[in-house]
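Engineer: Following this message is one structure expressed as C-alpha cells.
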Amino acid sequence: MSEAVANATEERPVVQALRDALGDDVLLLDQDVTSRGAGIWRSDNIAARVLLRPRTTEEVSTALRICHEHGQSVVTHGGLTGLVEGGITQAHDVVLSTERMNAIEAINPMERTVVVQSGVVLQTLQETVAEHGLMFPLDLGGRGSCTVGGNISTNAGGNRVIRYGMTRDMVLGVEAVLADGTVISAMNQMIKNNAGYDLKHIFIGSEGTLGVVTRAVLRCREAVSSQPTMLVAVESFDKLLRFLKHVDGGLRGCLSAFELMWHNFYELVTTPPATNTAPLPSDYPYYVLVEAMGADDTLVEAVLTEALEQELIADAVFAHSEAQRQQIWALRDDVEQGFRYAPVFVFDVSLRIPFMEDYVAEVNAGLEREFTEVRNFTLGHMGDGNLHFVVSVGDGSAEARRAVEKCVYEPLAAIGGSVSAEHGVGLEKKPYLSISRSPAEIELMRTLKGSLDPKGILNPGKIFDA
Ligand code: ZN
Numbered sequence: 291m292s293e294a295v296a297n298a299t300e301e302r303p304v305v306q307a308l309r310d311a312l313g314d315d316v317l318l319l320d321q322d323v324t325s326r327g328a329g330i331w332r333s334d335n336i337a338a339r340v341l342l343r344p345r346t347t348e349e350v351s352t353a354l355r356i357c358h359e360h361g362q363s364v365v366t367h368g369g370l371t372g373l374v375e376g377g378i379t380q381a382h383d384v385v386l387s388t389e390r391m392n393a394i395e396a397i398n399p400m401e402r403t404v405v406v407q408s409g410v411v412l413q414t415l416q417e418t419v420a421e422h423g424l425m426f427p428l429d430l431g432g433r434g435s436c437t438v439g440g441n442i443s444t445n446a447g448g449n450r451v452i453r454y455g456m457t458r459d460m461v462l463g464v465e466a467v468l469a470d471g472t473v474i475s476a477m478n479q480m481i482k483n484n485a486g487y488d489l490k491h492i493f494i495g496s497e498g499t500l501g502v503v504t505r506a507v508l509r510c511r512e513a514v515s516s517q518p519t520m521l522v523a524v525e526s527f528d529k530l531l532r533f534l535k536h537v538d539g540g541l542r543g544c545l546s547a548f549e550l551m552w553h554n555f556y557e558l559v560t561t562p563p564a565t566n567t568a569p570l571p572s573d574y575p576y577y578v579l580v581e582a583m584g585a586d587d588t589l590v591e592a593v594l595t596e597a598l599e600q601e602l603i604a605d606a607v608f609a610h611s612e613a614q615r616q617q618i619w620a621l622r623d624d625v626e627q628g629f630r631y632a633p634v635f636v637f638d639v640s641l642r643i644p645f646m647e648d649y650v651a652e653v654n655a656g657l658e659r660e661f662t663e664v665r666n667f668t669l670g671h672m673g674d675g676n677l678h679f680v681v682s683v684g685d686g687s688a689e690a691r692r693a694v695e696k697c698v699y700e701p702l703a704a705i706g707g708s709v710s711a712e713h714g715v716g717l718e719k720k721p722y723l724s725i726s727r728s729p730a731e732i733e734l735m736r737t738l739k740g741s742l743d744p745k746g747i748l749n750p751g752k753i754f755d756a
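Position 61 of the sequence shown, counted from 1, bears residue number 351 in the numbering used here, the numbering being contiguous throughout.
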C-alpha cells in the first residue's frame, strides 16, 4: 500500500473501501488529483479526496454502491468543457471520471446507430462514424474535448440544432448507474419505443444529479456530400426574421445552421489581433452564417439571389471552397476574442425569436444603467431562439457578476424565456432557476431527485438545493 493511500485510509474509510473493491489502478489521490485542471475554461484545479477512473459499468456500479453506503458525494467528470460550474467539486468529494470508458463498441451502418461508452470524445465519434459513411450531427465548439456522456448529461445543443435537434433527439438508449449502484440498462436500439415511460430522458440533461451515464445508443444520419455555406449581411431584425423563413422554406429541409452575429461581435472577430479578415463590409447591424448540408449549390444560390432581389439581405458571400467554408465558420467560432476584454461573463439564454430584438435592447439598456464601461458581444443560434452574450464591464467581482446576471436574466421572466438554452444550470444559474421553472416544476424535480438519490450523493448542490 502506498503511503498516500495509507494516510487517506486512516481518516477516510470510504477510500479504503473503494481501494479494496476496485484496486489501486482505479484510484488517484492527493497531487495526482489536485494537479488536474477543474475545467478547460478555468484556471483552478480539482479539489477532491479521490478521483476514480473506472473502465466498466460494473466498476462504476461498485464505486457508487460503496459511496452510497458511506453517504459519500460523487461528482462525475467527462471532458470538463462545461460553462455553468456543473462539474465543480469540493475537497470532500469523490470524482468519477469517465476518461477510460472511451470505447466505441459497435457501429451499425445499416441501422445508422452507434453504441458507445460515455467517455468517448465527440470529435472521435464524429470522425469514426464518418469512416462508415455516417454523420453524428451533434457539433459544438468543445468537440475535441467534450465527451458523449457530458453531452448527454447536459443535453448539449450546438450549431445544428435547427435541423437535427439537441442531444436528446440523437439518443436512442442509455445505460446509467443509480446512486445506490443499480444499473439501469435502457439500451434501446429502435427509433420508436412507446412501452411505458421513456426512462432515458431522466438522465439526459440532468447534469449528473440522477445517475451516471455509462453507455449509450446514438442515432446517426447518412453523411452528406455537400455543405454549402454562406455569410450574409442584414439591415434590420425584421428582415432577419423574414430571411430565416425564406431560406428555411427555399432550401427544402436542408437548412442546417442559421448563426447570427451582431455587428459588435462581427467587428470583434474581424479586427486585429483577431486573425480572421472580414469577408463583408463591417457596417451592417447583423451578419448570418447560413449552412445547408446536403443542398446543391445551384439551389442555394437561387435562394440567395431571391433574397437579394427581395432586399431581405444587403450583401452575401458564398463559400466556393472548403477553405472559404472554414473561414466563415472560424468567424462564428472565434468567441474567445471576447476574452481580450477579460474579465468577461458568458451567457446562454433562450427565448422566442420575435422577442429577441427588444430583449437584447433591454439587456443592453440595463447594463448601461449599471456600468459605465459596457461591452456586450452578442451572437446566437438564432434559428433555435438561443442567444449568447460575452459581457465585459471592466469588473470581475462577484457583485459585478450578480448585477450583470440580473440585467440578463430578469427580463426573461416576462417573455417566458429560459436562463439556460444549452449549457445547463450547474451552480452558476441555480439562483435563477425560478425565472424559467414554476414552483410545481421545481418540486417535481426534487421528488425525482429524492426517489432516485435519497441520500443526495450525486453532484450535490447542482441545479437546485435538494
Ligand atoms: Zn451555443
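Beta carbons are placed, not taken as given, at the ideal position from N, Cα and C, and that holds for glycine.
1. If you check the beta carbons only, do Gln479 and Val507 fall under 8 Å apart?
2. With a 10 Å radius around its C-beta and 16 neighbouring C-beta atoms as the bar for buried, classify Gln380 as buried or exposed.
3. Are there 16 or more other CB atoms within 10 angstroms of the CB of Asp310, so buried, or fewer, so exposed?
4. Less than 7 Å separating the Cβ of Glu349 from some heavy atom of the ligand ZN?
5. If you measure between the beta carbons of Ser363 and Asp334, is that distance less than 8 Å?
6. Do Ser682 and Arg665 have their C-beta atoms closer together than 8 Å?
7. Can you list, in chain order, the residues of its chain whose CB lies under 6 Å from that of Ala307, leaving out five sequence neighbours each side?
8. For the candidate residues Ser546, Val653, Asp538, Val467, whose alpha-carbon lies nearest to that of Ala597?
9. How is the alpha helix (DSSP H) around Ser708 delimited, first residue to last?
10. With a threshold of 6 Å on Cβ separation, who are the neighbours of Gly684 within its own chain once the five nearest residues in sequence on each side are excluded?
11. Out of Phe635, His360, Val405, Gly377, which one is the CA nearest neighbour of Ala693?
12. Report all residues from its chain with a CB closer than 7 Å to the CB of Glu300; omit the five preceding and five following residues, and keep chain order.
13. Tell me where the alpha helix (DSSP H) around Arg453 begins and ends.
14. Just how far apart, CA to CA, sit Glu712 and Gly447?
15. Measure from the alpha carbon of Cys510 to the alpha carbon of each residue in Pro427, Gln616, Gln627, His536, then state which is nearest.
16. Tyr631: which of Gly656, Phe667, Val639 sits nearest, CA to CA?
17. What residue does the alpha helix (DSSP H) around Glu652 start on, and which one ends it?
18. Any heavy atom of the ligand ZN within a distance shorter than 7 Å of the CB on Gly368?
19. Please say whether Gly675 and Ile643 have beta carbons closer to each other than 8 Å?
20. Given the structure, does Asn654 come close to the ligand ZN, in the sense that its CB is under 7 Å from one of the ligand's heavy atoms?
21. What would DSSP say about Thr668, mapped onto helix, strand or coil?
22. Name the one or two DSSP bridge partners that Asp605 has.
23. Cβ-heavy atom distance between Asn478 and the ligand ZN below 7 Å?
24. Report yes if the CB atom of Leu734 is closer than 8 Å to the CB atom of Ile753, and no otherwise.
25. Drop a sphere of 10 angstroms on the beta-carbon of Asp429, count the other beta-carbons inside from all chains shown, and report buried for 16 or more, exposed for fewer.
26. Around the C-beta of Thr567, are 16 or more other C-beta atoms found within 10 angstroms, so that it is buried, or is it exposed?
27. Apart from the five residues just before and just after Gly434, which ones in its own chain have a Cβ nearer than 6 Å to its Cβ?
Structural biologist: Concretely, from the data shown:
1. Locating residue 479 in the sequence shown gives position 189, counting from the first residue. Locating residue 507 in the sequence shown gives position 217, counting from the first residue. Result yes, Cβ atoms of Gln479 and Val507 sit closer than 8 Å.
2. The residue given as residue 380 occupies position 90 in the sequence shown. Flag for Gln380 reads exposed.
3. The sequence position of residue 310 within the sequence shown is 20, counting from 1. With fewer than 16 other Cβ atoms within 10 Å, it is exposed.
4. Translated into the one-based positions of the sequence shown, residue 349 becomes position 59. Incorrect: Glu349 has no Cβ contact closer than 7 Å to the ligand ZN.
5. As a working note, residue 363 is residue 73 in the sequence shown. As a working note, residue 334 is residue 44 in the sequence shown. Pairing Ser363 with Asp334 gives a Cβ-Cβ distance that is not under 8 Å.
6. For the purposes of this step, residue 682 is taken as residue 392 along the sequence shown, with counting starting at 1. For the purposes of this step, residue 665 is taken as residue 375 along the sequence shown, with counting starting at 1. A contact, by the Cβ cut-off of 8 Å.
7. To locate residue 307, count along the sequence shown from 1; it is residue 17. Excluding five sequence positions before and after Ala307, the CB atoms of its chain that fall closer than 6 Å to its own CB belong to Ile356, given in chain order.
8. As a position in the sequence shown, residue 597 is number 307, starting the count at 1. When each option's Cα is compared against that of Ala597, the closest is Asp538.
9. Taking the sequence shown and counting its residues from 1, one reaches residue 708 at position 418. Ser708: not part of any alpha helix (DSSP H); DSSP gives it neither H nor E.
10. Here residue 684 corresponds to residue number 394 of the sequence shown, with the count starting at 1. Counting only Cβ-Cβ distances below 6 Å, and skipping sequence neighbours, we find Glu663.
11. Within the sequence shown, the letter at position 403 stands for residue 693. When only C-alpha atoms are compared, the closest one is Phe635.
12. Position 10 of the sequence shown, counting from 1, holds the residue named residue 300. No answer about Glu300 holds up, because its pLDDT of 47 lies below 50 and its placement is not dependable.
13. Position 163 of the sequence shown, counted from the start, is the residue given in the question as residue 453. Per DSSP, the continuous alpha helix (DSSP H) segment holding Arg453 begins and ends at 451 to 454.
14. Translated into positions along the sequence shown, residue 712 becomes position 422. Translated into positions along the sequence shown, residue 447 becomes position 157. A direct Cα-to-Cα measurement between Glu712 and Gly447 gives close to 5 Å.
15. Counted from its first residue, the sequence shown places residue 510 at position 220. Answer by Cα proximity: Pro427.
16. Here the question's residue 631 lines up with position 341 in the sequence shown. Shortest Cα-Cα distance from Tyr631 to any of Gly656, Phe667, Val639 involves Phe667.
17. Locating residue 652 in the sequence shown gives position 362, where the first residue counts as 1. 646 to 660 is the extent of the alpha helix (DSSP H) around Glu652.
18. In the sequence shown, the residue the question calls residue 368 occupies position 78. With a threshold of 7 Å, the Cβ atom of Gly368 does not count as near the ligand ZN, since no heavy atom of the ligand is closer than that.
19. The residue labelled residue 643 in the question sits at position 353 within the sequence shown. The residue labelled residue 675 in the question sits at position 385 within the sequence shown. Their beta carbons are under 8 Å apart, which means Ile643 touches Gly675 by this criterion.
20. Stepping through the sequence shown from its first residue, residue 654 is reached at position 364. For Asn654, the distance from the CB to the nearest heavy atom of the ligand ZN is not below 7 Å.
21. Position 378 of the sequence shown holds residue 668. Three-state result, Thr668: strand.
22. As a first step, residue 605 is located in the sequence shown; it is residue number 315 there, counting from the start. In DSSP, Asp605 forms a bridge with Ala523.
23. Locating residue 478 in the sequence shown gives position 188, where the first residue counts as 1. No; taking the cut-off as 7 Å, the Cβ of Asn478 has no heavy atom of the ligand ZN nearer than that.
24. For this step, residue 734 is matched to residue 444 along the sequence shown. For this step, residue 753 is matched to residue 463 along the sequence shown. In this structure, Leu734 lies away from Ile753, with their beta-carbon atoms at least 8 Å apart.
25. Sequence index remark: in the sequence shown, residue 429 carries index 139 (1-based). Buried, since its Cβ has 16 or more Cβ neighbours within 10 Å.
26. Taking the sequence shown and counting its residues from 1, the one referred to as residue 567 is at position 277. Thr567 should be labelled exposed.
27. If you number the sequence shown from 1, residue 434 lands on position 144. Taken in chain order, the residues that qualify are Gln413.
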